[in-house]
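In my numbering, the protein residues as written are 5 to 399.
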Amino acid sequence: MFWPVCREVVRGMNNYDVIIAGAGSLGVPTALALGDTGARVLVADARPSPGQGENKHAIGGIRATHSTPGKILCGLRSLEIFSTWQAEHGDNIEWLEGGYLFPVYRKAEETALKGILPIQKKYGLDIDFIGPEAVAARMPGIVTAGLKGGTFSPGDGSASPLLAINAFYRKACTKGVDFRFNEKIRRITTESGRVTGIETDRGKIAAPVVVDAAGAYSRPLGKTAGIDIPVVPDSHEGAITEPVEPFFTCMVVDLRPGEGSKNYYFYQNLHGQVVFCITPDPPIIGTDHRETSIFLPQVCKRMVGLVPRLKNIRVRRVWRGLYPMSPDGAPLVGWNSRLAGLFHVTGMCGQGYMLGPGIGEVAARAINAAGRESDAVILREFSPDREFGGEETLK
Ligand SMILES: Cc1cc2nc3c(=O)[nH]c(=O)nc-3n(C[C@H](O)[C@H](O)[C@H](O)COP(=O)(O)OP(=O)(O)OC[C@H]3O[C@@H](n4cnc5c(N)ncnc54)[C@H](O)[C@@H]3O)c2cc1C
5 MFWPVCREVV
15 RGMNNYDVII
25 AGAGSLGVPT
35 ALALGDTGAR
45 VLVADARPSP
55 GQGENKHAIG
65 GIRATHSTPG
75 KILCGLRSLE
85 IFSTWQAEHG
95 DNIEWLEGGY
105 LFPVYRKAEE
115 TALKGILPIQ
125 KKYGLDIDFI
135 GPEAVAARMP
145 GIVTAGLKGG
155 TFSPGDGSAS
165 PLLAINAFYR
175 KACTKGVDFR
185 FNEKIRRITT
195 ESGRVTGIET
205 DRGKIAAPVV
215 VDAAGAYSRP
225 LGKTAGIDIP
235 VVPDSHEGAI
245 TEPVEPFFTC
255 MVVDLRPGEG
265 SKNYYFYQNL
275 HGQVVFCITP
285 DPPIIGTDHR
295 ETSIFLPQVC
305 KRMVGLVPRL
315 KNIRVRRVWR
325 GLYPMSPDGA
335 PLVGWNSRLA
345 GLFHVTGMCG
355 QGYMLGPGIG
365 EVAARAINAA
375 GRESDAVILR
385 EFSPDREFGG
395 EETLK
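Next comes the structure, spelled out in structure tokens:
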């Protein structure tokens, strides 16, 4: 592993083309993509190193298996970046191509999953509805009584969030991107309706463009410039077990609702540890990061109900983090229409880690006015100005 020395940020050198607020799942890949354009880019974060916000709370799932064009296209590009990273750049980010498996026991999930297959295939996803035997072969030990089959997408996978973001960070450094850590942004500075830079707890830094990559904290950041960004922190817990002999490689997503919860999902990482999460219902809004006594009994009961052999594995660690939730479960990507120079890459919900590299490239092209035809589809779908009406099937 090599650690390039980041360009030294000389105090007082405070003029940039773009300042990115937040060195997380979105900020770092966006900086990496902007680094390729020759722009002078600064990333500022209140925390001491990259990925110390919600990025490190992600369990590492990466899929292009979504149900809308924008998410599918960004997911596919992200998958390409994650899956080829080691071959292209040398860092092992623990990429595991195990696929995503959505087992189906009820008509409701069967109809929903089969209903989105046409759009998934149209946008290039390798995915199919497979029979119960094929599902059981992918997830040995899964309960087969009532199993109707499920969808399986072999190209999806997982990678370590901390290894990946540090690999992206080191690469961004080699492209001349500056990073400032332990530096809280107090406000976005403005003049005559346009962005002029940021003010941190160490002083002012000028730039005509500020990228809001503050995730769960986008709303308070936006407020400093009089902008309301409809992103709220939504609390989710995750856990990891002791390592055991590898016996499955896919991410298993059970979409059925349970008591106090919606879906839950789990996979076995390259070390043999099972990593898992559940979606609380109703959502738990707020920034509390303390683990609860509800999560483990709730999720373990459901996992063991689905795959009884999991009952013998011991849990090693539990944590709690925040989804930056948008009103409809889709990201906010694009220029702010009320404050010139403010660009959003936020509201990633439970998918910021997997969408980060793909969205980072779209954002970099949009900031450089060098968008591609497919970017228009993505930017329309993720427009910060859209009507927040619907909700995505695979949110
Ligand atoms: C339990 C759990 C499991 C998850 N699993 C997955 C998964 O498998 N796959 C997936 O894709 N996603 C997953 N997620 C979601 C994922 O973690 C988030 O969507 C993603 O990290 C959000 O990225 P972000 O860049 O918006 O925010 P962050 O990664 O949190 O980055 C925002 C950064 O902005 C900084 N910041 C904010 N305000 C300021 C300020 N005023 N000044 C300076 N710095 C500031 C923060 O310090 C932070 O570093 C999971 C989340 C949780 C909680």
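Just so it is clear, CB atoms sit at the ideal spot from N, CA and C, and this is done for glycine as well.
Check                                                                                                                             : Outcome
Nonlocal neighbours in the same chain, by C-beta distance under 7 Å from alanine 176, ignoring five residues either side          : Val32, Ala35, Leu36 and Gly39
Serine 297 classed as buried or exposed, judged by whether at least 16 other C-beta atoms fall within 10 angstroms                : exposed
Helix, strand or coil at serine 87 [DSSP, three-state]                                                                            : helix
Threonine 204 versus isoleucine 97 - alpha carbon distance                                                                        : 32 Å
Buried versus exposed, by CB contacts within 10 Å (16 or more), serine 196                                                        : exposed
Three-pair Cβ contact test at 8 Å for the segment 118-132 versus the segment 170-187                                              : no
Cut-off 8 Å between Cβ atoms - residues of its own chain near aspartate 292, not counting five sequence neighbours on either side : Ser239 and Arg324
According to DSSP, residues forming a beta bridge with leucine 336                                                                : Thr350
Enclosing beta strand (DSSP E) for glycine 201 [first to last residue]                                                            : 198-204
Per DSSP, the bridge partner or partners of valine 213                                                                            : Val22
Distance, leucine 77 Cα to leucine 167 Cα                                                                                         : 24 Å
Nearest candidate by alpha-carbon position, reference proline 234, set Gly242, Pro165 and Ala218                                  : Ala218
Short Cβ contact (8 Å threshold) for leucine 105 with phenylalanine 156                                                           : yes
Phenylalanine 251 to valine 381 span [Cα, whole Å]                                                                                : 39 Å
Candidates Gln272, Leu343 and Ile289: closest to proline 328 by CA position                                                       : Ile289
Cα-Cα separation between valine 311 and histidine 275, rounded to whole angstroms                                                 : 20 Å
Neighbour-count burial assignment, cysteine 280, 16 or more Cβ in a 10 Å radius                                                   : Going by the sequence as given, residue 280 is phenylalanine instead of cysteine. The residue is buried, with at least 16 neighbouring Cβ atoms inside 10 Å.
The beta strand (DSSP E) enclosing serine 265, as first and last residue numbers                                                  : 265-272
Same chain, Cβ closer than 6 Å to proline 361, five either side skipped, listed in chain order                                    : Pro33, Ser82 and Ile85
The segment 350-364 in contact with the segment 59-66 per 3-pair CB rule at 8 Å                                                   : yes
Close Cβ partners of proline 73 (< 6 Å) along its chain, the five nearest in sequence each way excluded                           : Tyr127 and Val381
At least 3 beta-carbon pairs within less than 8 Å: the segment 206-217 vs the segment 301-308                                     : no
Neighbourhood of arginine 321 by C-beta, 6 Å cutoff - its chain only, sequence neighbours within 5 removed                        : Ile244
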